[in-house]
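Trainee: Below are the structure tokens for one structure; questions will follow.
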Amino acid sequence: MRLSVPTLLLCLLAAACCLPAGAQQQQSSYGFLSLNGRASRQNAIISWETIQELSITHFNVQQSRNGIDFETVGSLEASHDTAQDRYQYSFTDRNAGLHGRVVYYRLAIAINNGRMLYSKTFLLRFDESGEAQLSIQPNVVRSSLPLMVEGTEDGEAELHILDLQGRVMQRRIIQLVKGSSSQSIDISGLRSGSYIAVVCAPGLRLQQRFFHQ
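Throughout the sequence shown, residue numbering follows mature numbering (1 follows the signal peptide of the UniProt record, and there is no 0), covering -23 to -1, 1 to 190 in sequence.
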């Protein structure tokens, strides 16, 4: 028996679990739905992926300071692009960290029959240190390395890709900005295995480990 789209989404959303990192993922024989959140300095970046969304009209991103009382901070219309079998969305809640170090989020999905479906609630923690940060999400990659750098000032930095023996396998210059910047680095020439990405500049050294498939 094939599930209807609203029934499918209800099953997927009800199965979601609340993870501290702000990530929920569910998989079924009918499709896949994911909901992720991360703190980027004082901003919250909420992203999600859906399938079979012909019955969906729009998405509401909802925020709460106490995990109980929610308000909508942004809305996105459903894509309805029939050429795709997956749909990806992203919403930035700017200056969300000004509300406190912990902010709760959920996704409300509006269906064309008037129903509203809700994801599980997840929380994001905001770092008040103001220090530079390096993140790689996801940290299991194929041909490109997604770098997200939270910088404290503009300038150049060196990116070194090291193997676990400390040997430099790849080196290049990258540009840093004050605030958030994302870059995709070609690593297709690397063999499969674990590596360490190191960002170096005067007075700065950031590193994160990743796995190249």
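C-beta atoms are modelled at their ideal positions from N, C-alpha and C, and glycine is treated no differently. Bear in mind the structure is a predicted one, so any value in this text is a computation, not a measurement.
#1: Does the Cβ of H35 have 16 or more other Cβ atoms within 10 Å, making it buried, or fewer, making it exposed?
#2: Return the Cβ separation of Q114 and R15 in integer angstroms, given the expectation that the two are a contact with Cβ distance under 8 angstroms.
#3: Using the rule of at least 16 other Cβ atoms within 10 Å of the residue's Cβ for burial, across every protein chain shown, is L31 buried or exposed?
#4: Can the beta-carbon of A174 be found closer than 8 angstroms to that of L136?
#5: Using only CA atoms, which one of V80, N37, D46 lies nearest to F68?
#6: In terms of alpha-carbon separation, which member of A134, E133, L139, S112 lies closest to V126?
#7: Are at least three pairs of beta-carbons, each pair with one atom in the region 156 to 166 and one in the region 118 to 125, less than 8 angstroms apart?
#8: With H, G and I counted as helix, E and B as strand and the rest as coil, what does DSSP make of L53?
#9: For S41, write down the residues that DSSP places opposite it in a beta bridge.
#10: Our contact map puts Q109 next to G128 with C-beta atoms below 8 angstroms; I'd like the distance itself, whole angstroms only.
#11: In this structure, how does DSSP classify G74 when only helix, strand and coil are distinguished?
#12: Look up N20 in the DSSP assignment and give the residues it is bridged to.
#13: Taking only three categories from DSSP, how would you classify I150?
#14: I'd like the list of long-range same chain contacts for I150, defined as Cβ closer than 7 angstroms, with 5 residues on each side in sequence excluded.
#15: Helix, strand or coil: how does DSSP classify E130 here?
#16: Rounded to whole angstroms, what is the Cα-Cα separation between Q40 and Q142?
#17: Leaving out five residues on either side along the sequence, give the residues of the same chain with a beta carbon under 6 angstroms from the beta carbon of E54.
#18: Can you give me the C-alpha to C-alpha distance between L101 and V50, rounded to a whole angstrom?
#19: Where L153 and E130 are concerned, what is the direct C-alpha to C-alpha distance, given to the nearest angstrom?
#20: Going by the beta-carbon positions, is the gap between A73 and V80 smaller than 8 angstroms?
#21: Please list the terminal residues of the continuous beta strand (DSSP E) segment that includes L100.
Mentor: Quick look at the numbers:
#1: Within the sequence shown, the letter at position 58 stands for residue 35. Answer is exposed; the Cβ neighbour count stays below 16.
#2: Translated into the one-based positions of the sequence shown, residue 114 becomes position 137. Translated into the one-based positions of the sequence shown, residue 15 becomes position 38. Rounded, the Cβ-Cβ distance is 7 angstroms, consistent with contact.
#3: Residue 31 sits at position 54 when you count from the first residue of the sequence shown. Exposed: under 16 other Cβ atoms inside 10 Å.
#4: Taking the sequence shown and counting its residues from 1, one reaches residue 174 at position 197. Taking the sequence shown and counting its residues from 1, one reaches residue 136 at position 159. The answer is yes: Cβ separation under 8 angstroms.
#5: Your numbering for residue 68 matches position 91 in the sequence shown. The shortest C-alpha separation from F68 is found at N37.
#6: Walking along the sequence shown from the start, residue 126 turns up at place 149. The residue with the shortest Cα to Cα distance from V126 is S112.
#7: yes
#8: Here residue 53 corresponds to residue number 76 of the sequence shown, with the count starting at 1. Strand, per DSSP.
#9: Looking up residue 41 in the sequence shown gives position 64. S41 pairs with Y81.
#10: Within the sequence shown, the letter at position 132 stands for residue 109. Within the sequence shown, the letter at position 151 stands for residue 128. Residue identity check: residue 109 is Ala in the sequence provided, not Gln. That belief holds up - the Cβ atoms of A109 and G128 are roughly 6 angstroms apart, short of 8 angstroms.
#11: The residue given as residue 74 occupies position 97 in the sequence shown. G74: helix per DSSP, three-state reduction.
#12: Numbered from its first residue, the sequence shown carries residue 20 at position 43. Bridge partners of N20: S17.
#13: Locating residue 150 in the sequence shown gives position 173, counting from the first residue. Note: I150 maps to strand in three-state DSSP.
#14: Taking the first residue of the sequence shown as 1, we reach residue 150 at position 173. Cβ neighbours of I150 beyond the five flanking positions: E133, E135.
#15: Sequence index remark: in the sequence shown, residue 130 carries index 153 (1-based). The answer is coil: DSSP assigns E130 none of H, G, I, E or B.
#16: Numbered from 1 along the sequence shown, position 63 holds the residue referred to as residue 40. Numbered from 1 along the sequence shown, position 165 holds the residue referred to as residue 142. Cα to Cα, the separation comes out at about 44 angstroms.
#17: To locate residue 54, count along the sequence shown from 1; it is residue 77. Within the same chain, E54 has close Cβ partners H35.
#18: Position 124 of the sequence shown, counted from the start, is the residue given in the question as residue 101. Position 73 of the sequence shown, counted from the start, is the residue given in the question as residue 50. In a straight line, the C-alpha of L101 is about 15 angstroms away from that of V50.
#19: Reading the sequence shown from its first residue, position 176 is the one you call residue 153. Reading the sequence shown from its first residue, position 153 is the one you call residue 130. Roughly 7 angstroms separates the two Cα atoms.
#20: Along the sequence shown, read from residue 1 onward, the residue named residue 73 stands at position 96. Along the sequence shown, read from residue 1 onward, the residue named residue 80 stands at position 103. Closer than 8 angstroms, so yes.
#21: For the purposes of this step, residue 100 is taken as residue 123 along the sequence shown, with counting starting at 1. That run of the beta strand (DSSP E) goes 99 to 102.
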